[in-house]
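S.K.: FYI, in the UniProt record's numbering the residues of the sequence shown are 1 to 193.
Yeah, the Cβ is synthetic: ideal placement off N, Cα and C, and Gly gets one too.
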Amino acid sequence: MRIILLGPPGAGKGTQAVRLVERLGIPQLSTGDMLRAAVAAGTPVGLKAKAVMDRGELVSDDIVVGIIADRIEEPDARNGFILDGFPRTVAQAEAFDSMLAAKGLKLDAVIEFKVNETELVDRIVRRAQETEARGEPVRKDDNPEVFKTRLEAYRNQTAPLSAYYERTGMLKTVDGMKPIDDVTQAIKEILGR
């Protein structure tokens with residue numbers, strides 16, 4: 001199965017991706033991890049990415065899609081993959097769809113986690129407080145101000161993907177505010193397994 005998980009930061013995509021990896025036996029692909037691996041391996045697209053990053057610039061959509069194209073050719077991704085955090089824009093989604101089509105592949109599901117943003121901010125604040133109470137360092141992403149900035153970026157750049165995937169008929173939604181096990185069950189029903 002080839003799956004994209006959409007939703008704002010803190011919506012539970014990472015938690016559900018781990019459960020999907022275990023249940024379906026397919027990898028969760030992180031564009032950041034793939035980018036670092038391609039650079040480290042010195043692949044042709046990795047060398048292009050390194051040159052761009054060394055100049056302090058953002059890696060282009062073409063390079064990111066090229067890295068994903070290489071990664072999904074690896075044996076562990078032959079039966080599918082889970083993307084969380086990509087695509088981030090409609091342009092990336094269009095480039096990704098074209099790349100898949102060129103390989104004779106298509107997506108099986110795009111699942112969007114619907115959340116109440118006010119409650120989501122409260123959830124992040126609670127998570128930061130619980131982490132602090134355990135004496136653990138709080139993730140930079142769990143700082144409420146940083147989180148609000150990330151949420152705003154999501155709203156501006158990534159939220160338009162909902163309409164894009166809705167037009168393709170791929171978009172399914174789950175209530176990301178429900179308990180974790182309920183969200184897992186809703187995803188099972190969407191995927192039919």
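Among the residues of its own chain, which have a CB less than 8 Å from the CB of V138, if the five just before and after it don't count?
M.R.: As a working note, residue 138 is residue 138 in the sequence shown. Cβ within range, chain order: A128, T131 and E132.
S.K.: Which residue wins for smallest C-alpha separation from G126, given the options T89, E112, P144 and V59?
M.R.: Residue mapping note: residue 126 aligns to position 126 of the sequence shown, counting from 1. In the sequence as displayed, the identity of residue 126 is Arg instead of Gly. Checking every option, the nearest Cα to that of R126 belongs to P144.
S.K.: K13: buried (16+ other C-beta within 10 angstroms of its C-beta) or exposed?
M.R.: Along the sequence shown, read from residue 1 onward, the residue named residue 13 stands at position 13. Buried, by the Cβ-count rule.
S.K.: Tell me whether T173 sits in a helix, a strand or coil according to DSSP, three-state version.
M.R.: As a position in the sequence shown, residue 173 is number 173, starting the count at 1. Correct three-state label for T173: strand.
S.K.: For the alpha helix (DSSP H) containing residue 195, name the first residue and the last one.
M.R.: Since the first and last residues shown for the chain are 1 and 193, residue 195 lies out of range.
S.K.: Go through the segment 84 to 123 residue by residue and report every complete run of the beta strand (DSSP E) that reaches 3 residues or more, in order.
M.R.: Qualifying beta strand (DSSP E) stretches, in chain order: 109 to 114.
S.K.: By DSSP, does I82 sit in helix, in strand, or in coil?
M.R.: The sequence position of residue 82 within the sequence shown is 82, counting from 1. Residue state, collapsed to three classes: strand.
S.K.: Just to confirm the assignment: which complete alpha helix (DSSP H) runs, minimum length 4, are found wholly within the segment 2 to 83?
M.R.: Complete alpha helix (DSSP H) runs here, min 4: 13 to 24, 31 to 41, 44 to 54 and 61 to 71.
S.K.: Counting C-beta neighbours from all protein chains within 10 Å, is the total for E112 16 or more, i.e. buried, or is it exposed?
M.R.: For the purposes of this step, residue 112 is taken as the residue at position 112 of the sequence shown. Looking at its Cβ environment, which holds 16 or more other Cβ atoms inside 10 Å, E112 is buried.
S.K.: DSSP three-state label for A128, please.
M.R.: Taking the first residue of the sequence shown as position 1, residue 128 is located at position 128. DSSP places A128 in helix when its eight states are reduced to three.
S.K.: Is it right to say R71 is buried, meaning 16 or more other beta carbons lie within 10 angstroms of its own, or is it exposed?
M.R.: Position 71 of the sequence shown, counted from the start, is the residue given in the question as residue 71. Classification for R71: buried.
S.K.: Counting only the same chain and skipping the five closest in sequence on each side, list residues whose C-beta sits under 8 Å from that of D108.
M.R.: Taking the sequence shown and counting its residues from 1, the one referred to as residue 108 is at position 108. The residues are M1, R2, I3, G80 and L191.
S.K.: Near A11, what residues of its chain come up, given a Cβ to Cβ distance below 6 Å and the 5 sequence neighbours on each side ignored?
M.R.: As a working mapping, residue 11 is identified with position 11 in the sequence shown. The residues are F113, V115 and G176.
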